[in-house]
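For the protein sequence lines, the chains are A and B, in the order given. Take 18 as the starting number for the first sequence in the working numbering and just add one per residue. Take 8 as the starting number for the second sequence in the working numbering and just add one per residue. Input: a single structure, listed below in structure tokens.
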Amino acid sequence: MLNNLKIITEHWGKINPLRIGDYLNVGGYSALGKFVEKMDPQKVLEEVKLSGLTGRGGAGFSTGAKWELVMAQKSKEKYFICNLDESEPGTYKDRMIAENCPQTLLEGIIISALTIGAKKSYIYLNGSYAKAQETLERAIAQAKEHKFLGAKILDSKYSLEIEIFSGAGAYICGEETALINSIEGNRGEPKIRPPYPTEAGLFDKPTVVNNAETIANIPWIIQNGGKKYVKNATKLFVLGGSVKNRGVFEAPIGTTIKKAITELGGGMQKGKEFWFAQVGGASGHLFLKKELNVPMTGSGAILVVDKTANIYDLLLAWTGFFRRESCGKCVPCREGTFRLHEIAERLVDGEIAQRDKEALEDILWTLENTTFCPLGKFAAVAVRDAIDKLGILK
Amino acid sequence: MQIKINNKKYAAKTGETIFQVCMRNGIKVPTLCGSKDSHEGLCRICVVELVETGRGGKDALKCVSTGKLLTSCNTKVYAGLTIITESENISKARRINLELLWADHAGKCATCKKNQICELQKLAQEYKIENFHFVPRRGEMTNSEEQKLLRDNWSRVVVENENPCISRNSEFCVECRRCINICPEHKFGFNHRAGDVVVGTPYEKVLDCSFCGKCVEVCPVAALTDQNDYAKIVENLNDLKKFSVAIIDLGIEEKIQAQLKNITQEKNVEKILIELGFEKIIKFTEKDENKEDEIIEQIKTDYARKEKIDPKNICTFFVSSKIYKKAQKNKYLDYVLSEREVARLVRDKGKIVAGKVKR
């Protein structure tokens, strides 16, 4: 059975997310207290580096390394951004964090922001997360009342403002440079790197952009130490599709997809036969039954598809998503995703021509090799796997 | 620092892009979105391939391709950078991206204002874009299904002829953003998203600016062109009863010559204009600088009286790159021709060789 230690989901459902008192009763904000009283930014950085915490948004970049890059910058003004623009289809773990225990997230943001030397922090919230926005707004107001936020936090030299920036729900704005563009008031589309956000990010100042789940781990690391986290690191899994239990689960990092499906998900629903699992949302790879014994990577979403599903409808949904969500900046992604969707429409009707097969190969190649940002590559992943592993063109 | 392009060493400065180094050394790299100052890396046509050179010192050609494509226009050089500018992958990338662009383009070359000088057309010719895998163009529609696809494809097309100076037609647009970057008044931007993206004005209002014409100059295709009644102009020029007078603005001659560089060897602009059918040519000198309107007015009044020509039969053309003049046409000034329109007249007329029009 899987290890039962819970870091992020510990208090879910047990406390009222709208009341800070509940969170304080279970030991909330003691990590912040510890930071203010006994630690300094350098010490926090050491702990985080020791913990080996990596980005939970999908890319998996080392959080400590990212912070260190920004801390080394001389600029007086720095920004910390919590990326809560989760718009990958089938992924809603960050929303659950914000709705179920917003104070953990806030505490994490406060410690992280103070560590890197930011005086202003943003929560970039997906535009359609209305409930999450409400709980977060309440949480921020209550944290301010308790002096966890604002000027002179807990009567120390630190001060911090947190602003919720509601995006418009664009998928591309989860990419950090596009997210920064969006907060700056520009069109949400990626910028060329370098300069990396760690050097010149929001308003050209050094900026850290971290995923909400990553940040939610910080209070635990501060309280229990980085060393302990290495053994106990967890990851949120979002199970969907034809499994018995659907929803968000916390399990040790490195849990295989098979274990996640059988133990967390409780196996397949009655009478359903496993076909493949898509891991990581619409941009995720497809795994057949024999390939499931690998550790889970990426954003944590698992879509379990059984044999009754119509693969062409799924294709239409995936390609439709990218056709809608491409920002339109570069040619291969703007035109490629459009054509991919067009061909998928014809696939659904069963009217695929030889010409389409050639075109499909060309589009996938150009998406994989020439797009401006990774979104273009993502758009090709599932379709490529469907061709290679499921043989949809045969 | 030194970088290696196609197995040759070149000097480069920090902060320069690969594209700039290539241009300086005469290495051809095609681009569609880049203009002189802006390099957005959108068209993905200027790609070059990153390679690792083999150890064999002399065997320089033994470079190992990493298969990684870089956009030359926005990748800064660094010491030890080794790239090649032509390879199978590069041609493939250019071909597919051009094909994709072409499928989104109007493709009405024969009647297009920019025929023969269109940058997309040139690239398509160069990379032999012959296979149209994608949506057929309008003329080739064969069934209602394709019509459905087309409706989706063209639904966001914006055609604007309401303003007096600049004609916009997003049917031709390749979304290169040159106009967005160059406009000093920031009149253009992207509307909508993804495959529906359209370069346009805020809320698609009629373009209202000072009409400096910079956007028309940089547009690689016919999305932004001079507003004019071209058929009427040709009619007037060919009409023997009409007396066509060209008033040439200061500095326009060089611009016309630049436009006609690859079209005719004739350098003398006056001769070219006479070949086009102008009867009289008046040149501005520096002392006339602020008297444009006065001089134009004199043609249909003083000059007509002197030469005993009915002013109704005089047709005045102001040849100038000041396209905002198009908005100030009056009974004394019939047409304003920019250097691009003169070039178009020449192109349509055929090749002018040493003063003679060769059909």
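Glycine is no exception: its CB is placed at the ideal position from the N, C-alpha and C atoms.
Query                                                                                                                        : Result
Inter-residue spacing [alpha-carbon to alpha-carbon] between Thr194/A and Arg204/A                                           : 11 Å
With 16 other Cβ atoms within 10 Å as the buried cut-off, status of Tyr85/B                                                  : exposed
Spatial distance of Val398/A from Gly284/A (CA atoms)                                                                        : 26 Å
Exposed unless 16 or more other CB atoms sit within 10 angstroms - verdict on Met113/A                                       : buried
Length of the line joining the Cα atoms of Leu22/A and Lys222/A                                                              : 38 Å
Lys346/A: contacting residues in chain B (beta-carbon distance under 7 Å)                                                    : Leu49
Three-state secondary structure assigned by DSSP to Asn13/B                                                                  : coil
Closer than 7 Å to chain B by CB, Asp379/A                                                                                   : yes
Touching by the beta-carbon criterion (3+ pairs, under 8 Å), the segment 224-242 of chain A and the segment 66-74 of chain A : yes
As assigned by DSSP and simplified to three states, the class of Ile404/A                                                    : helix
Neighbourhood of Lys306/A by C-beta, 7 Å cutoff - its chain only, sequence neighbours within 5 removed                       : Phe291
Pair within 7 Å by beta-carbon distance, Ile181/A and Leu142/A                                                               : yes
Contact with chain A by Asn245/B, beta-carbon distance below 7 Å                                                             : no
CB contact below 7 Å: Ile270/B versus chain A                                                                                : no
Contact belief for Ser316/A with Leu392/A at Cβ below 8 Å, rounded distance in angstroms                                     : 14 Å between Cβ atoms; not a contact.
Beta carbon proximity, Leu77/B to chain A, threshold 7 Å                                                                     : no
Inter-stretch contact at 8 Å, needing at least 3 Cβ pairs: the segment 73-85 of chain B / the segment 103-116 of chain B     : no
Contact check, Gly298/A vs Gly107/A, beta carbons under 7 Å                                                                  : yes
Proximal chain A residues relative to Gly284/B, where beta-carbon distance stays under 7 Å                                   : By Cβ distance, chain A contributes nothing, its closest Cβ being about 41 Å from Gly284/B, past 7 Å.
Residue interval of the beta strand (DSSP E) (run including Pro269/A)                                                        : Gly264 to Pro269
Counterpart residues of Asp233/B in DSSP-defined beta bridges                                                                : Ile173/B
Residues from the segment 200-215 of chain A in contact with chain B, defined by Cβ distance under 7 Å                       : Arg204 and Ile209
Run of the beta strand (DSSP E) containing Thr314/A, from where it starts to where it stops                                  : Unbroken run through Thr314/A: none, as it is neither H nor E.
Uninterrupted alpha helix (DSSP H) stretches inside the segment 93-144 of chain B (no shorter than 4 residues)               : 95-111 and 126-133
Proximal residues to Asp39/A (C-beta, below 7 Å), its chain only, five neighbours per side dropped                           : Ile32 and Asn33
Selected residue, minimal CA-CA separation from Leu49/A, among Asp379/A, Thr215/A, Ile170/A and Val247/A                     : Ile170/A
Classification of Ile37/A by the beta-carbon crowding that lies within 10 angstroms, buried from 16 upward                   : buried
Chain B contact residues for Thr354/A, given Cβ-Cβ distances below 9 Å                                                       : Ala201 and Gly202
Residue range of the unbroken alpha helix (DSSP H) whose run includes Lys174/A                                               : Run containing Lys174/A: none; DSSP gives neither H nor E here.
First through last residue of the alpha helix (DSSP H) which encompasses Lys287/B                                            : Careful: Lys287/B lies outside any alpha helix (DSSP H), inside the beta strand (DSSP E) at Lys287 to Lys290.
Where Asn8/A sits in the DSSP three-state scheme                                                                             : No information on residue 8/A is available, as it lies outside the stretch 18 to 411 that chain A covers here.
Cα-Cα separation between Ile124/B and Val228/B, rounded to whole angstroms                                                   : 8 Å
Contact with chain A by Leu107/B, beta-carbon distance below 7 Å                                                             : yes
Three-state secondary structure assigned by DSSP to His199/B                                                                 : coil
Under 8 Å (Cβ pairs) to chain B, residues found in the segment 364-397 of chain A                                            : Arg372, Asp373, Glu375, Ala376, Asp379, Ile380, Trp382, Thr383, Asn386, Thr387, Thr388 and Phe389
The alpha helix (DSSP H) enclosing Trp84/A, as first and last residue numbers                                                : Thr80 to Met88
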